[in-house]
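Here the UniProt record's numbering is used: the first residue of the sequence shown is 1, the next is one more, and so on. One structure is given below, encoded as structure tokens.
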Amino acid sequence: MYETDNIFKDTELFKYHLLLVNELVKLTKKTNDIDRLINGGAHILLTFENLSNESIRNLIELSQSYLIKLNVRIFDILKSATYKSCQELMEILLNPSNYFREQLKQLFQQCLGRLQLSEIQPSEYRSKLYLIQAIIFKLENDAEKSLRSAHDALLSHPYDDVIDSLILFMNHSHFHSTLRQTLLNDIKQCSLTLTDLTPPTHMMNNLTFLNRTERLIMLKKYERAIFKRLAENDPVQAAYSYMDLIMAVTSSRTLFMNNLIMSCVYFFQAMSQPKCTLAEVYAYRSIIFDISVEIFLFTRHYLPLYVQMYAYKLLYTLIMRSTDLFAKRIISSSSKRTVRNQPILSDFHETLLDELLKNILQLSKVSPFTHMPTIGLSHDMIYMECAGNEFLSKYLKSMAPNSSMYQYYFFEGIWKSWIDGENFEDERDYCMYYLLKDRQWTTYDVEDLLCWSIIPRTDDGWYLDTKHQLQLDPSGYSQVIGITLNNDTGDIEFMFAQAKKNEHNLFDAGDVMDIVTNGISYAYFTLDPPNVEYHSHPFNEMKYLPKRLVNIPNYLLTLLHTDYLLKMISTGVEICSQTPFEMRPTSENLMQRLPVHICEELQSIVKKKSGLLTNSIHRFWIQPESEIEYEQAYYRNFFGRTNENITQFYLSDKIKMCVKKHRMKYDEKGNLIDDKDDNENDESAEAEFARVFTKYYDEIGEYFPELLRLKELLKLSVLSRIIQSRYESQCDLAAQIENDTTFETYLTEVKNKIGNYPTGSVEADEKTLNAISNNICKNFFCKKSNLKPYLFDWLRHGQHKALVTFVKQSLIQCKAKLKFTIEKFRLHYDDEDHDDEQRLNNDTTQCFWVPAAFSSDLSMKVYGGVILTPNPKVRTGVKNESEKSKKSKTTENVAKLSKKSKDIKSKRCARNVEKSEDSKKNCQTTDQNGNIKSKSHVIGRGAGPSGDPKIHSIPFNSKKGAMEAAKKDGKENRPIHHGVNYEKKEPAHWHPADKDGKIIKNGKHYTYGRYSKT
1 MYETDNIFKD
11 TELFKYHLLL
21 VNELVKLTKK
31 TNDIDRLING
41 GAHILLTFEN
51 LSNESIRNLI
61 ELSQSYLIKL
71 NVRIFDILKS
81 ATYKSCQELM
91 EILLNPSNYF
101 REQLKQLFQQ
111 CLGRLQLSEI
121 QPSEYRSKLY
131 LIQAIIFKLE
141 NDAEKSLRSA
151 HDALLSHPYD
161 DVIDSLILFM
171 NHSHFHSTLR
181 QTLLNDIKQC
191 SLTLTDLTPP
201 THMMNNLTFL
211 NRTERLIMLK
221 KYERAIFKRL
231 AENDPVQAAY
241 SYMDLIMAVT
251 SSRTLFMNNL
261 IMSCVYFFQA
271 MSQPKCTLAE
281 VYAYRSIIFD
291 ISVEIFLFTR
301 HYLPLYVQMY
311 AYKLLYTLIM
321 RSTDLFAKRI
331 ISSSSKRTVR
341 NQPILSDFHE
351 TLLDELLKNI
361 LQLSKVSPFT
371 HMPTIGLSHD
381 MIYMECAGNE
391 FLSKYLKSMA
401 PNSSMYQYYF
411 FEGIWKSWID
421 GENFEDERDY
431 CMYYLLKDRQ
441 WTTYDVEDLL
451 CWSIIPRTDD
461 GWYLDTKHQL
471 QLDPSGYSQV
481 IGITLNNDTG
491 DIEFMFAQAK
501 KNEHNLFDAG
511 DVMDIVTNGI
521 SYAYFTLDPP
531 NVEYHSHPFN
541 EMKYLPKRLV
551 NIPNYLLTLL
561 HTDYLLKMIS
571 TGVEICSQTP
581 FEMRPTSENL
591 MQRLPVHICE
601 ELQSIVKKKS
611 GLLTNSIHRF
621 WIQPESEIEY
631 EQAYYRNFFG
641 RTNENITQFY
651 LSDKIKMCVK
661 KHRMKYDEKG
671 NLIDDKDDNE
681 NDESAEAEFA
691 RVFTKYYDEI
701 GEYFPELLRL
711 KELLKLSVLS
721 RIIQSRYESQ
731 CDLAAQIEND
741 TTFETYLTEV
751 KNKIGNYPTG
761 SVEADEKTLN
771 AISNNICKNF
781 FCKKSNLKPY
791 LFDWLRHGQH
801 KALVTFVKQS
811 LIQCKAKLKF
821 TIEKFRLHYD
831 DEDHDDEQRL
841 NNDTTQCFWV
851 PAAFSSDLSM
861 KVYGGVILTP
871 NPKVRTGVKN
881 ESEKSKKSKT
891 TENVAKLSKK
901 SKDIKSKRCA
911 RNVEKSEDSK
921 KNCQTTDQNG
931 NIKSKSHVIG
941 RGAGPSGDPK
951 IHSIPFNSKK
961 GAMEAAKKDG
971 KENRPIHHGV
981 NYEKKEPAHW
991 HPADKDGKII
1001 KNGKHYTYGR
1011 YSKT
């Protein structure tokens, strides 16, 4: 072995390697596969020390001869690649063995000849040259020029072959990340300019892929007239011309945006002219600002990703450049005036710039076109948008399995209709899976929220189409009548009405104790977007107040399901409670419960709405429309005497609930806020829906009793408030008694009066003791037998503290008996533990997402919630109305009610344990990372049987087709559905089932959607 330091000094080793190289040279006459070995050997020999000049020259000549042959070979490989498909060409170009920049340049120039690149025909060949040019710029470390060439390749031939080759190019050697870093550097270094603001002076050539429609011809002529006649001489008139053009292209959102941007560009050009006065500069800048705000809010929510990046960079540059120009003009004209220290940019516009940068950076994570396209005419933008959308649709789809972000934007593109030819339901399913996985949740966490045992559903998770009862404890109640607080005995009695044969049980003892023990006197609930960056998020997030509602699942789930029901009816979309949360029109099933006259009036907003639903973001919420009337009365005994220690509160049943609506909009930060311009008395479809739902609220509640349950929970909240108020008053009374010094004064006076004790006479001492004892018992409600020891110690030994404490506690126990009952059953909630933040939120450790109510053909969004804030009002006559009512009344002592509540919860716990055991046997489970570990044989779960006949997958193009085939195979019995196994990339499928609902183990899987090979 040779030492490393001396290896290149060894003459014998040099001779040995030289001999090997010479022998290899002789073999080149027979084969060309050893050129690389010869070149490598020559390279090693050149590193030896003390070589003669002749040796060095011979070795260099040997190496050069190899390089010449290699260059010719690489050129031939690259040349032949131009005759292959674009994708094959890109694979060859991206091969590191072919990274020879000079050969690429030579090939590029040879293919170009004397023509300009834009003149090359056919278009596919022109795209190939652009791809070669993109590789050349990439090897020169010029990412922006490389991207521009790649973009030109797309515009030249926007078909699958070119798009597939561009996807390879973007993903190779982290080029997308390089582009994003280049954009970040541009933002840091060029704070004013992210793109060029020079208006284009000519249209794009070779747009042969657009049909020559009348609108395109009109756009072409109109814009050509603008930049020929007005652009240079009258930019203000050019800006106005683009505004006028908006009226001719109302059906295109992208053209609406681009015409406004072109107007701003020409206003900026006008303010850049030297003859423009300071007042005009200020006016044009203000116009640019106002238009930019509207463009930003519009673009963020309604335009495709490709166009968004284009708009954001232009808007940012327009605002920054116009502000800079305005500031310079102020400074230059301030020599004769006093300069005031006032900000050039308002807080609002600074926020807008921040949001523009945030959106630019967010989109740069998704779209590799970080610097494209540059400013373009509206005519050209139609073509660029089509080409850009084609690329991004395939790019996002290829990246979706690796990231929830890509999957979301792919799904959003389908919902916003700029991605065609994809299955909305399937992509919604995949998107929900990946978004949940990011939070380490599963679809079964969502299912737990939707499959609420109180509301009965079909076996496959849909609403029943017939009237039903809530699945409460049989001992439940239909109505809250009132409460009796007896301070003589400390008893608390609840007055309820029991349901008759045709009435609904709306709450049970568990609900009563949950509300009063948690001090629930109000409730707010909403379903909001979980992420302000994802405006088409497939989930809504539950938020509520007070936070302790999370400890009362049946109360919280009542709020959820009533609000969810309102959303489904308003949008016309019913959502299944079982994974994968399929959707169908409410007219197929849900609305069949209701009478015809209500269904006809209560049409979904979509059916009533006319025109575009661009700004159709509304919130609907349920709240009390009327005050809760109550009467406070005192108990009267047989002789008619009033006992004010026994207080009765009667609640009126004449409570009206209503549905309110308000139009919403997005602010500059992407948050949903109320639109102040909304008119409460408008005649819109949304307002009409709210009015009709309010009109029939109680009648609808007969078919959806969860709506009526809200009224009783609201009244229970009033009882909770009454108990809480009484507890607070009794605590104040107890504190007042403890702080009162009257008794101490009395003891001092007695001590002074009787003098010495004992007196020496047993009879006199006993008489004195009895007299004091009788007086204290009479005035402070003490038991004589318990009092005497304390009194004796005070008289003999002067120990008055124990006596004072005993007497005061005796008085408190007599005057504030309800306090001890409330504390015993924990019917109070301490203020110290009250919510420290008065804003709606949830427990972030749990899943509080439910599927959003929208569909592929529904371009509107609905938000809202439930507000249960009682507004009590005193009214006489409520007690008489209650007593005259034919309701079957019952009185429940708090002790009995507490026991019932515990029994109900024990039953529910037992059922949950039983259900949990069943799920361990039948349902799929997940590990700590949310990955599927086992399979299920239950409807809607798992991925099929194992260890049975060999699986035979039969692919279908649609879910419906697969289901019908499985149903036919099962002799018309309902088939069993299993969702996608994302970890193993197994497709969703249907199993044929027998009449008992069990899988027929014939190994057949009727597959569809992703991973299904058709």
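Note that CB positions come from ideal geometry on N, CA and C, so glycine has one too.
*Note the first and the last residue of the continuous beta strand (DSSP E) segment covering tyrosine 1006.*
As a working mapping, residue 1006 is identified with position 1006 in the sequence shown. DSSP places tyrosine 1006 in the uninterrupted beta strand (DSSP E) bounded by 1004 to 1008.
*When you compare only the Cα positions, how much space is there between aspartate 994 and isoleucine 1000?*
For this step, residue 994 is matched to residue 994 along the sequence shown. For this step, residue 1000 is matched to residue 1000 along the sequence shown. Cα-Cα distance, rounded: 6 Å.
*Using 8 Å as the Cβ pair cut-off and three pairs as the minimum, do the region 497 to 506 and the region 583 to 601 touch?*
Pairwise C-beta distances place the region 497 to 506 out of contact with the region 583 to 601, as fewer than three of them are shorter than 8 Å.
*For isoleucine 932, count neighbouring C-beta atoms within 10 Å of its own C-beta (all shown protein chains included) and say buried if the count is 16 or more, exposed if not.*
Looking up residue 932 in the sequence shown gives position 932. Any reading at isoleucine 932 must be qualified, since the residue scores a pLDDT of 35, below 50, and its modelled position is unreliable; no value is offered.
_Simplified DSSP assignment, three categories, for valine 265_ = Here residue 265 refers to the residue found at position 265 of the sequence shown. In the structure shown, valine 265 sits in a helix (DSSP, three-state: H, G or I).
_I want to know whether the region 176 to 184 touches the region 408 to 419 - three or more CB-CB distances under 8 Å._
In short, these stretches do not touch, since the Cβ pair count stays below three.
*For glutamate 986, write down the residues that DSSP places opposite it in a beta bridge.*
Taking the first residue of the sequence shown as 1, we reach residue 986 at position 986. Under DSSP, glutamate 986 forms a beta bridge with Asn981.
*asked:* Count Cβ pairs between the region 431 to 445 and the region 531 to 539 that sit closer than 8 Å; are there 3 or more?
replied: Yes: at least three Cβ pairs fall under 8 Å.
_Run of the beta strand (DSSP E) containing tyrosine 650, from where it starts to where it stops_ = Walking along the sequence shown from the start, residue 650 turns up at place 650. Counting along the chain, the beta strand (DSSP E) containing tyrosine 650 begins and ends at 642 to 651.
*Out of curiosity, what's the CA-to-CA distance linking isoleucine 754 and serine 729?*
Here residue 754 refers to the residue found at position 754 of the sequence shown. Here residue 729 refers to the residue found at position 729 of the sequence shown. Straight-line Cα distance between these residues: approximately 38 Å.
*Are lysine 543 and phenylalanine 848 touching if we call contact CB-CB under 9 Å?*
Position 543 of the sequence shown holds residue 543. Position 848 of the sequence shown holds residue 848. Result yes, Cβ atoms of lysine 543 and phenylalanine 848 sit closer than 9 Å.
*asked:* Are the CB atoms of serine 404 and glutamate 223 within a distance shorter than 9 Å?
replied: Reading the sequence shown from its first residue, position 223 is the one you call residue 223. Reading the sequence shown from its first residue, position 404 is the one you call residue 404. Against a cut-off of 9 Å, the Cβ pair of serine 404 and glutamate 223 comes out as no contact.
*Answer with buried or exposed for leucine 787, where buried requires no fewer than 16 other C-beta atoms within 10 angstroms of its C-beta.*
By 1-based counting over the sequence shown, the position of residue 787 is 787. Buried: at least 16 other Cβ atoms inside 10 Å.
*Counting Cβ pairs closer than 8 Å, one from the region 798 to 817 and one from the region 730 to 739, do we hit at least three?*
Taking a cut-off of 8 Å for Cβ pairs, the region 798 to 817 and the region 730 to 739 touch, as three or more such pairs fall below it.
*Note down the Cα distance separating leucine 392 from isoleucine 120, rounded to an integer number of angstroms.*
Mapped onto the sequence shown, residue 392 falls at position 392. Mapped onto the sequence shown, residue 120 falls at position 120. Roughly 26 Å between the two C-alpha positions.
*Quick one: using the 10 Å Cβ neighbour count with 16 as the cut-off for buried, is residue 1018 buried or exposed?*
Nothing about residue 1018 can be read from this structure; the chain reaches only from 1 to 1014.
*Grab me the residues of lysine 711's own chain with a C-beta within less than 7 Å of its C-beta, minus the 5 sequence neighbours each way, in chain order.*
Taking the first residue of the sequence shown as 1, we reach residue 711 at position 711. Once the five neighbours on either side are set aside, the close Cβ partners of lysine 711 are Ile655, Met657.
*Let me know the secondary structure DSSP gives glycine 997 once reduced to three states.*
Here residue 997 refers to the residue found at position 997 when the sequence shown is read from its first residue. Three-state DSSP puts glycine 997 in coil, outside helix and strand.
*Return the Cβ separation of arginine 726 and leucine 818 in integer angstroms, given the expectation that the two are a contact with Cβ distance under 8 Å.*
Counting from 1 along the sequence shown, the entry for residue 726 is found at position 726. Counting from 1 along the sequence shown, the entry for residue 818 is found at position 818. Correct: roughly 6 Å between the Cβ atoms.
*asked:* Looking at the strands, I want to know which residues DSSP matches up with histidine 952.
replied: For the purposes of this step, residue 952 is identified with residue 952 of the sequence shown, where counting begins at 1. Beta-bridge partners assigned by DSSP to histidine 952: Lys1004.
*Are lysine 751 and leucine 651 touching if we call contact CB-CB under 9 Å?*
Residue 751 sits at position 751 when you count from the first residue of the sequence shown. Residue 651 sits at position 651 when you count from the first residue of the sequence shown. Taking 9 Å as the Cβ cut-off, lysine 751 and leucine 651 do not qualify as a contacting pair.
_My assumption, with CB atoms under 8 Å, is that lysine 128 sits in contact with threonine 82. Please give the rounded CB distance._
Looking up residue 128 in the sequence shown gives position 128. Looking up residue 82 in the sequence shown gives position 82. Indeed they touch by this definition, with Cβ atoms about 6 Å apart.
_Beta-carbon separation (whole angstroms), methionine 170 vs proline 368, contact threshold 8 Å_ = Here residue 170 refers to the residue found at position 170 of the sequence shown. Here residue 368 refers to the residue found at position 368 of the sequence shown. Going by Cβ atoms, the distance from methionine 170 to proline 368 rounds to 4 Å, so yes, they are a contact pair.
*Report back the beta-carbon spacing between methionine 372 and histidine 151 to the nearest angstrom; my notes put them in contact at under 8 Å.*
As a working mapping, residue 372 is identified with position 372 in the sequence shown. As a working mapping, residue 151 is identified with position 151 in the sequence shown. Yes, methionine 372 and histidine 151 are in contact; Cβ-Cβ is about 4 Å, under 8 Å.
*Exposure label - proline 456; buried when at least 16 CB within 10 Å*: In the sequence shown, counting from the first residue as 1, residue 456 sits at position 456. By the beta-carbon neighbour count (other beta carbons within 10 angstroms, threshold 16), proline 456 is exposed.
*How about leucine 356 and tyrosine 310: do their beta carbons lie closer than 9 Å?*
For this step, residue 356 is matched to residue 356 along the sequence shown. For this step, residue 310 is matched to residue 310 along the sequence shown. Their beta carbons are not under 9 Å apart, which means leucine 356 does not touch tyrosine 310 by this criterion.
*Among Lys547, Met247, Ile776, the one whose alpha carbon lies nearest that of threonine 745*: Position 745 of the sequence shown, counting from 1, holds the residue named residue 745. The closest CA to that of threonine 745, considering only Lys547, Met247, Ile776, is found on Ile776.
_Neighbour-count burial assignment, lysine 959, 16 or more Cβ in a 10 Å radius_ = For the purposes of this step, residue 959 is taken as residue 959 along the sequence shown, with counting starting at 1. Burial call: buried.
*What's the call for histidine 1005, buried or exposed, on a 16-neighbour Cβ count within 10 Å?*
Counted from its first residue, the sequence shown places residue 1005 at position 1005. It counts as buried.
*Simplified DSSP state of valine 659, which is helix, strand or coil*: The sequence position of residue 659 within the sequence shown is 659, counting from 1. Valine 659: strand per DSSP, three-state reduction.
*Compare the C-alpha of lysine 365 against each of Pro546, Val249, Tyr406, Leu51 and name the closest.*
Here the question's residue 365 lines up with position 365 in the sequence shown. Looking from the CA of lysine 365, the closest CA among Pro546, Val249, Tyr406, Leu51 belongs to Tyr406.
*Could you tell me whether the region 486 to 496 touches the region 883 to 901, where touching means 3 or more Cβ pairs closer than 8 Å?*
Yes, the region 486 to 496 is in contact with the region 883 to 901.
*Does the count of Cβ pairs from the region 511 to 530 and the region 861 to 870 closer than 8 Å reach three?*
Segments in contact, yes.
*Measure the C-alpha to C-alpha separation of isoleucine 246 and serine 252 and round it to an integer number of angstroms.*
Taking the sequence shown and counting its residues from 1, the one referred to as residue 246 is at position 246. Taking the sequence shown and counting its residues from 1, the one referred to as residue 252 is at position 252. If you draw a straight line from the Cα of isoleucine 246 to the Cα of serine 252, it is about 9 Å long.
*Are the beta-carbon atoms of asparagine 487 and asparagine 637 separated by less than 9 Å?*
The residue you call residue 487 lines up with position 487 of the sequence shown. The residue you call residue 637 lines up with position 637 of the sequence shown. Not a contact, by the Cβ cut-off of 9 Å.
*Per DSSP, what kind of secondary structure is glycine 864 in: helix, strand or coil?*
Sequence index remark: in the sequence shown, residue 864 carries index 864 (1-based). Strand at glycine 864.
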